[in-house]
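Since the structure comes first, as structure tokens, the remarks are kept for the end.
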Amino acid sequence: MDAGSGIGMLENNNEEQLIQLQHIGKHYRLADKTLHILGDVCLRIARGESCAILGSSGSGKSTLLNVLGLLDLPDTGNYRLNGIDVAQASPDQLAALRNQLIGFVFQSFNLLPRLSALDNVALPLTYRGIAPRQAREQAHAMLVRVGLGERSEHRPASLSGGQRQRVAIARALVGKPALILADEPTGNLDASTAQEIMALLIELNREQGVTLIVVTHDPLIANCLARRVEVHQGLLREAGAA
Amino acid sequence: MSLAMPSSAGPSAAQILVEALNSLRMLGRRSLLALLGIVMGSCSVVALLNIGGNAAAQSIAIFRNLGSDTLVLQLPPQPTGRDGLPLRLSVEALGRQTPAVASLSPVMTYGAPAIFNGRVGNANIIGADPALFEAARLNIASGRSLSEFDRKEAYAVIGASLAQALSLPDDPLQPGDQLRLQSYQFRVVGILQEGAPGMLLPFNANETLFIPMEGMTRINPVPQISHVVARANSAEEVIQAGEQLRQTLAQRIAGDAPVTLIFAQQILEGMQQQTRTFTYLLAALGVVSLIGGGVGVMNVMLMNVSERRREIGVRLALGARRRDIRNLFLVEAVALTSVGALLGAVLGMAGGWGYAQLSGWAFFLAPGALPLGIGSTVLVGLFFGLHPAIAASRLQPVEALRDE
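Protein chains in written order, with the working numbering: chain A, 256 to 497; chain B, 196 to 599.
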């Protein structure tokens with residue numbers, strides 16, 4: 256495979272459905288018991304859609320997010336991301352898919368404490384072999400975009416929770432992914448900051464057409480998004496407007 | 196597969212290195228402790244290799260002073276001349292046929308108790324030509340050497356240790372005193388200087404009583420020539436002189452039993468090999484301490500990996516490949532050991548210099564010490580860094596990201 260095919264993949268791919276899950280199952284073996292985390296999950300998410308995944312803790316929504324984010328592979332079923340069958344990919348190819356297609360936003364931000372905000376944002380680009388100077392330029396532009404252009408040299412420890420999550424969003428976006436996966440992005444933030452962060456994510460979804468999936472247990476957050484699905488005991492169902 | 200898989204390239208070497216150094220700085224005191232272990236290991240390898248090298252050079256220098264122009268020929272047992280009688284050798288005739296030889300003497304060996312004023316010492320008795328004292332570089336401390344005019348006399352020159360063994364504080368053995376060997380009285384005409392026991396000569400001069408070869412029959416009815424000791428015109432002519440002597444001797448000895456040539460060069464080579472073994476032994480000791488340091492590095496790196504699980508998970512989520520994670524930690528381990536190797540090399544050279552000063556040796560940089568010391572240290576870092584790095588790279592993204 257040549258390196259160029261990875262970069263040009265988004266444009267070349269006319270697949271309308273970004274995500275196609277078919278009969279996805281995931282179970283863990285604990286001692287001699289088998290725990291079924293995901294039963295038989297089918298889900299299609301179109302390019303540019305925004306979707307909330309709701310569910311109480313232990314419902315399997317985190318496992319579903321890990322499967323969607325290629326952090327974990329399903330035991331059964333078929334997952335096509337951007338038309339690519341994930342089960343066929345080698346670990347290196349999975350890494351490349353994560354790097355180029357997916358931007359993660361975590362509940363606890365997960366910024367690297369030793370790197371400045373700018374270097375945190377530039378990190379995904381270095382795993383693409385982009386030269387440091389160029390990576391930093393793009394990272395700075397992205398920090399400006401999330402309103403933190405002035406803070407680019409700060410370490411995460413000297414930023415507020417909301418600022419840290421903005422840095423994390425900038426890091427998720429800097430690689431121009433097709434998909435943003437946000438796992439409880441406002442879970443560690445106060446109500447008003449949470450609103451700002453959700454507003455930022457939705458704005459990015461609308462303006463840049465990036466597909467947005469937010470995992471949350473909070474119906475108020477879920478209501479900000481166009482579509483809502485609910486995970487309950489390993490099964491998925493569409494949830495109407497709350 | 197319907198679509199081509201994407202591929203990604205990793206960060207550049209310089210980026211990895213800068214990150215590794217930053218990370219080591221953040222590890223702070225713990226990486227300093229691991230560094231200390233590595234510094235000690237590297238220091239001991241470099242110092243020991245250098246001390247070993249200097250020691251070898253020193254012992255060879257000492258040996259050179261003893262005379263690399265000396266050579267010894269060992270004759271077959273009970274040598275018989277062409278005339279069927281026990282071998283006799285004329286020093287003048289041999290000297291004429293061996294132009295590269297400066298001086299030479301046949302040597303007869305016998306052992307008998309030497310008695311002086313009722314005190315008995317076990318003497319190694321050498322019957323030789325007066326030229327032996329020059330050929331074997333034996334120096335007189337008091338009295339005189341044997342001369343051409345002493346051939347028929349019952350005269351003897353005594354080695355320093357033997358003379359001391361026969362002396363009492365109030366009754367020292369002095370030139371002019373009489374010694375009894377079996378039923379003959381020998382007059383001591385000279386006492387030798389105490390010398391280093393020669394590695395080449397077939398006798399230890401300190402323990403020996405030297406008498407004229409012609410007098411050997413007085414104490415040994417069938418004296419036999421066992422060796423010929425000679426000195427070449429110069430160190431360069433040693434091999435040539437040895438060959439000339441060997442051929443000349445072989446012509447005079449009946450039968451074809453071999454005449455064995457021994458010269459300092461051979462022994463030098465043997466010694467060099469020995470000191471090389473010694474150096475390797477010292478280096479092995481250094482390597483053992485280096486391995487101790489390596490275990491320290493592995494310890495720090497394993498802790499480092501387990502503390503940075505989450506970071507590993509984040510990096511994997513952002514698109515790091517397994518080898519990126521492996522390199523991240525491997526470069527840290529190697530950077531740590533490289534710094535330790537350099538510091539250790541400086542300390543080790545200082546230690547080697549100090550040791551040479553204390554021992555009064557000439558200090559020089561042993562050729563292998565620095566590359567071997569630094570190289571083995573970095574290899575140890577690589578070896579002990581590999582396990583934690585591979586363990587880190589095998590973490591699954593989900594496991595790494597999971598909160599404890």
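Glycine included, each C-beta is placed from N, C-alpha and C at the ideal position.
{"Asked": "Answer with yes or no whether the minimum CB distance from M196(B) to chain A is below 8 Å.", "Found": "Its pLDDT being 40, under 50, M196(B) is placed unreliably in this model, and the value from its coordinates should be taken loosely. True, the Cβ-Cβ gap to chain A drops below 8 Å."}
{"Asked": "Do three or more CB pairs link the region 413-429 of chain B to the region 238-248 of chain B at distances below 8 Å?", "Found": "no"}
{"Asked": "Using the Cα positions of T141(B) and L243(B), report the straight-line distance between them to the nearest angstrom.", "Found": "Absent from the model: residue 141(B). The displayed extent of chain B is 196 to 599, so no value can be given."}
{"Asked": "I believe S588(B) touches I520(B) by the beta-carbon criterion, under 8 Å. Please report the beta-carbon distance rounded to the nearest angstrom.", "Found": "4 Å"}
{"Asked": "Taking Cβ to Cβ, would you say G379(A) is nearer than 8 Å to G430(A)?", "Found": "For the record, residue 379(A) in the displayed sequence is Pro; it is not Gly. A contact, by the Cβ cut-off of 8 Å."}
{"Asked": "With 16 other CB atoms within 10 Å as the buried threshold, where does M408(B) fall?", "Found": "buried"}
{"Asked": "Compare the Cα-Cα distances from G310(A) to each of L480(A), N478(A), D473(A) and R482(A) and report the closest residue.", "Found": "D473(A)"}
{"Asked": "Any beta-carbon of chain A closer than 8 Å to the one on G514(B)?", "Found": "yes"}
{"Asked": "Counting C-beta neighbours from all protein chains within 10 Å, is the total for Q527(B) 16 or more, i.e. buried, or is it exposed?", "Found": "It should be noted that the sequence gives Glu, not Gln, for residue 527(B). E527(B) should be labelled buried."}
{"Asked": "With 16 other CB atoms within 10 Å as the buried threshold, where does C297(A) fall?", "Found": "exposed"}
{"Asked": "Helix or strand or just coil, what does DSSP make of G580(B)?", "Found": "helix"}
{"Asked": "By the criterion of Cβ-Cβ separation under 7 Å, what are the contact partners of G205(B) in chain A?", "Found": "Y382 and G384"}
{"Asked": "If contact means a Cβ-Cβ distance below 7 Å, which residues of the region 336-351 of chain A contact chain B?", "Found": "G338, I339, D340, Q343, A344, P346, D347, Q348, A350 and A351"}
{"Asked": "Answer with yes or no whether the minimum CB distance from E506(B) to chain A is below 8 Å.", "Found": "yes"}
{"Asked": "So which of A360(B), Q359(B), R339(B) and S362(B) has the shortest CA-CA distance to A351(B)?", "Found": "R339(B)"}
{"Asked": "Let me see if you follow: with CB-CB separation under 8 Å, is L531(B) close to chain C or not?", "Found": "Chain labels in this structure do not include chain C; the protein chains are A and B."}
{"Asked": "Going by CA-CA distance only, name the one from I308(A), L273(A) and H291(A) that's closest to A494(A).", "Found": "I308(A)"}
{"Asked": "Less than 8 Å between CB atoms is the rule here; does P387(A) satisfy it with respect to chain B?", "Found": "yes"}
{"Asked": "Within this structure, are the beta carbons of A449(A) and L403(A) separated by less than 8 Å?", "Found": "no"}
{"Asked": "Do L455(A) and V401(A) have their C-beta atoms closer together than 8 Å?", "Found": "yes"}
{"Asked": "Less than 7 Å between C-beta atoms, sequence neighbours within five positions excluded: which residues of the same chain meet that for L219(B)?", "Found": "S226, E527, A530 and L531"}
{"Asked": "Tell me the start and end of each unbroken alpha helix (DSSP H) in the region 335-363 of chain B that is at least 4 residues and wholly inside, in chain order.", "Found": "355-361"}
{"Asked": "Any residues in the region 215-228 of chain B with a beta carbon nearer than 8 Å to a beta carbon of chain A? Which ones, in chain order?", "Found": "N217, S218 and M221"}
{"Asked": "Tell me the rounded alpha-carbon separation between H395(A) and G547(B).", "Found": "53 Å"}
{"Asked": "Between the Cα of P583(B) and those of L525(B), G450(B), G539(B) and F558(B), spot the shortest distance and give me the residue it belongs to.", "Found": "L525(B)"}
{"Asked": "Using CA coordinates, which residue listed in V486(A), I279(A) and Q418(A) is at the minimum distance from P440(A)?", "Found": "Q418(A)"}
{"Asked": "Could one say the Cβ of V526(B) lies closer than 8 Å to chain A's Cβ atoms, at least one of them?", "Found": "no"}
{"Asked": "Along the region 351-382 of chain A, what residues have a CB closer than 7 Å to any CB found in chain B?", "Found": "A351, L352, R353, N354, Q355, F359, N365, L367, R369, L378, P379, T381 and Y382"}
{"Asked": "Strictly below 7 Å CB to CB, what residues from chain B border L491(A)?", "Found": "By Cβ distance, chain B contributes nothing, its closest Cβ being about 19 Å from L491(A), past 7 Å."}
{"Asked": "Along chain B, in chain order, which residues have C-beta atoms closer than 9 Å to that of N321(A)?", "Found": "P592, V593 and L596"}
{"Asked": "In three-state terms, what does DSSP make of K431(A)?", "Found": "coil"}
{"Asked": "For A515(B) and L477(B), I'd like the C-alpha separation in whole angstroms.", "Found": "44 Å"}
{"Asked": "Going straight from the alpha carbon of G223(B) to that of G539(B), what length do you get?", "Found": "19 Å"}
{"Asked": "Kindly list, in the order they appear in chain B, the residues whose Cβ is closer than 8 Å to that of D327(A).", "Found": "Q591, P592 and V593"}
{"Asked": "For chain B, is any of its Cβ atoms less than 8 Å away from the one on G324(A)?", "Found": "yes"}
{"Asked": "Could you check which residue in D366(B), L395(B), F328(B) and I255(B) has the C-alpha nearest to that of L404(B)?", "Found": "F328(B)"}
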